[in-house]
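The structure appears below as structure tokens.
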Amino acid sequence: MQLRIGTCGWSFDAWRGPFYPAEDTDQLAFYATRFAAVEIDSTWYHMPSESTVNSWYTRTPAEFIFCPKLPGEVTHEKLLRDCEALVARFTEVIAGLHEKLGCVLVQLSPKFAAGEFARLADFLRALPPGIRYAVEFRHKSWEDHPQALGLLRELRMAAAMVDHPWYPRMEHVTCDFAYLRLLGRRDVFPDYSKVYLPRDPKIAGWAQMLRSLDDGVSRAYVFVNNQFEGHSPATVRKLIALLDADLDIPLPEPPRNEDAQPRLFE
Numbered sequence: 005m006q007l008r009i010g011t012c013g014w015s016f017d018a019w020r021g022p023f024y025p026a027e028d029t030d031q032l033a034f035y036a037t038r039f040a041a042v043e044i045d046s047t048w049y050h051m052p053s054e055s056t057v058n059s060w061y062t063r064t065p066a067e068f069i070f071c072p073k074l075p076g077e078v079t080h081e082k083l084l085r086d087c088e089a090l091v092a093r094f095t096e097v098i099a100g101l102h103e104k105l106g107c108v109l110v111q112l113s114p115k116f117a118a119g120e121f122a123r124l125a126d127f128l129r130a131l132p133p134g135i136r137y138a139v140e141f142r143h144k145s146w147e148d149h150p151q152a153l154g155l156l157r158e159l160r161m162a163a164a165m166v167d168h169p170w171y172p173r174m175e176h177v178t179c180d181f182a183y184l185r186l187l188g189r190r191d192v193f194p195d196y197s198k199v200y201l202p203r204d205p206k207i208a209g210w211a212q213m214l215r216s217l218d219d220g221v222s223r224a225y226v227f228v229n230n231q232f233e234g235h236s237p238a239t240v241r242k243l244i245a246l247l248d249a250d251l252d253i254p255l256p257e258p259p260r261n262e263d264a265q266p267r268l269f270e
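Take the sequence shown: its letters are residues 5 to 270, numbered as in this note's numbering.
This is the structure in structure tokens:
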């Protein structure tokens, strides 16, 4: 199994110094010298332009992978209603990532409960083909929901596994790839410059889960946000250290002037 691991987003001022060089730098290009994948959080807030997507594509190496979120206007404002044109436009634009598009994360609203299964089924069945999707459930009523899991298996979509105290645990494999997010509560840490709350036992547990995925899973995406420990690049480093000997983790070649830049694996 190949593991694609990275952070939720890449643009954080507090990372300048601890992760990014102190001087001005192209943060995405630098990030892509350290990790081989990233979850795009900004697409949840607004539709990216074609030129922005093209810029993401051209500033990253050939093997880099992006996993963008479906816009929140679809999932949280419209609650999957009357959004066909918006979804079609988003998938048209994001297809500009070409082979660097891993999958699209459909992050459902915490208000979207299991009583809306029929609406969810209609929505997922109508998603444009040719793109892989992962679905994140945030209302507790979806936990181990047999119809929802059966639907995802039918459509070959992943049930996103999420480490968060408020969201349902959906540790089920529903297709040939897995999607794991290590999250945390907002406004817990003063900034995102360092690890404030080490959670090594949790990280070790998820590492063991990834090792145990069945042979039908060819790839797993794992993304960590800053709220999990305080500084997500450090959390990613811990996961890579635990899993590098067991799983196929593609890592970029470090730049030639490595000595002038902060190292991820120090």
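C-beta atoms are modelled at their ideal positions from N, C-alpha and C, and glycine is treated no differently.
Next item on the list: Ignore the nearest five residues each way along the sequence and tell me which others in Ala117's own chain have a CB closer than 6 Å to its CB.
Entry: Taking the sequence shown and counting its residues from 1, the one referred to as residue 117 is at position 113. His143 and Ser145, listed in sequence order.
Item checked: Endpoints, beta strand (DSSP E) assigned at Met165 -> Within the sequence shown, the letter at position 161 stands for residue 165. Run containing Met165: Met165 to Asp167, per the beta strand (DSSP E) assignment.
Next item on the list: With a 10 Å radius around its C-beta and 16 neighbouring C-beta atoms as the bar for buried, classify Gln231 as buried or exposed.
Entry: Indexing the sequence shown from 1 puts residue 231 at position 227. That one is buried.
Next item on the list: Please confirm whether Val108 and Leu74 have their CB atoms less than 9 Å apart.
Entry: For this step, residue 108 is matched to residue 104 along the sequence shown. For this step, residue 74 is matched to residue 70 along the sequence shown. Yes, these two residues count as a Cβ contact at 9 Å.
Check: What is the DSSP secondary structure of Ile44, reduced to helix, strand or coil?
Finding: By one-based count along the sequence shown, residue 44 stands at place 40. Strand, per DSSP.
Check: At which residue ranges does the segment 147-218 contain complete beta strand (DSSP E) runs of 3 or more residues, listed in the order of the chain?
Finding: 165-167 and 181-186
Margin query: Considering just the uninterrupted stretch of the alpha helix (DSSP H) at Glu96, what are its terminal residues?
Written below: Mapped onto the sequence shown, residue 96 falls at position 92. Run containing Glu96: Glu88 to Ile98, per the alpha helix (DSSP H) assignment.
Note to self: Count Cβ pairs between the segment 92-103 and the segment 118-127 that sit closer than 8 Å; are there 3 or more?
What the structure shows: no
Margin query: Pairs of beta-carbons, one from the segment 7-15 and one from the segment 188-201, closer than 8 Å: are there three or more?
Written below: no
Checklist line | Segment limits, beta strand (DSSP E) that includes Pro72 | finding: Counting from one through the sequence shown, the residue named residue 72 turns up at place 68. Per DSSP, Pro72 belongs to the beta strand (DSSP E) from Ile69 to Pro72.
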